[in-house]
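Heads up: the structure comes next, in structure tokens.
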Amino acid sequence: MRLDPFYLIVDRAEWIARLVPLGVKLVQLRIKDRTEAEIRGDIRKAKTVCCAHGCQLIVNDYWQLAIEEGCDFLHLGQEDLAGADLRAIRAAGLKLGLSTHDDVELETALAAEPDYVALGPVYPTILKQMKWAPQGLGRLSEWKARMGNLPLVAIGGLNVDRIDGVFAHGADSAAVVTDITLNSDPEGRTRQWLEATARWRR
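Numbering follows numbering that gives the first Met the number 0, in which position 51 of the sequence shown is assigned residue number 50; successive positions increment by one, without gaps.
Pasting the structure below:
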């Protein structure tokens, strides 16, 4: 499987409606602290936009809703993986991405036979408090050597200036959140990411 090198992560369908039409081909909907009805509504809105623009939608955490809504890609953190029904997820035809932060988590992830693995934080991140120190570019190279052909997603503290570094050290895709959503011009920043990842896409 091949992932687009630009992996956008947002917390609302409104972001997807704004940014996916610019040319984004891979986006994760990661929603926290909202009702099931609101989450379901956002998944449906996001699916509609993504289908219209040839963009791959990845739903974070809510594997039951992803199955019920006919999604085709799911991302789970380690805690969510422990409580998920992998048999049901696979039976529904969902592809699966998993987060990792250390060696133990990588082994746990690989045992679940995912379709990609994410490593982070590569750099310091303001997205959330984490007990793990920044991994650094060297860890990306190490992870990729251990994973073989399985796609590796770099996440955490990435910006346009750091894109080439993560790809040079083995990442197949670069995930971004706050560098776009907290930017004064999210559309302009998205275009910069698309331009910066274009040669890696080729």
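All residues carry an ideal CB built from backbone N, CA and C; glycine is no exception.
Residue closest to L149, alpha-carbon to alpha-carbon, out of R161, A117, G156, T177: Of R161, A117, G156, T177, the residue nearest in Cα terms is A117.
task: Kindly list the residues whose CB is nearer than 7 Å to the CB of I38, restricted to its own chain and excluding five residues on each side of it in sequence; keep chain order.
output: Excluding sequence neighbours, I38 sits near I30, Y61, L64.
field: Buried versus exposed call for V152 [16 or more other C-beta atoms within 10 Å across all chains shown]
entry: Result: buried.
With 16 other Cβ atoms within 10 Å as the buried cut-off, status of T99: Buried is the call here.
Closest residue to G147 among N158, D178, G169, G22 (Cα-Cα distance): Selected option, being the one with the closest Cα: G169.
query: Between G135, L18, R11, which lies nearest to D32 when the distance is taken from Cα to Cα?
result: When the alpha-carbon of D32 is set against those of G135, L18, R11, the nearest one is in R11.
Unbroken alpha helix (DSSP H) run spanning V48, endpoints: Where V48 is concerned, the enclosing alpha helix (DSSP H) stretches over 35-52.
query: Is the Cβ-Cβ distance between L93 and A83 less than 8 Å?
result: No. Outside cutoff.
message: Just to confirm my understanding: we take P113, look at its own chain, exclude 5 residues before and 5 after, and list those with CB closer than 8 Å. What are they?
response: In its chain, beyond the 5 residues on either side, L95, G96, L97, L149 have a beta carbon closer than 8 Å to the beta carbon of P113.
message: Contact defined as beta carbons within less than 8 Å: I believe L7 pairs with I179. What is the distance between those atoms, to the nearest angstrom?
response: That belief holds up - the Cβ atoms of L7 and I179 are roughly 7 Å apart, short of 8 Å.
message: Let me check one thing: in DSSP terms, what residues is A108 bridge-paired to?
response: Partner(s): none; A108 has no beta bridge.
- prompt: Does DSSP put V23 in a helix, a strand or coil?
  reply: Coil.
task: Would you grab the beta carbon distance between I206 and E68 for me? Rounded to a whole angstrom, and I think it's under 8 Å.
output: Residue 206 lies beyond the range of the chain shown here (0 to 201); nothing can be said about it.
message: Alpha carbons only, please: which of F72, L105, G155 is nearest the one belonging to A90?
response: Among F72, L105, G155, the Cα nearest to that of A90 belongs to F72.
query: V175 and W199: beta carbons closer than 8 Å?
result: Cβ atoms of V175 and W199: not closer than 8 Å.
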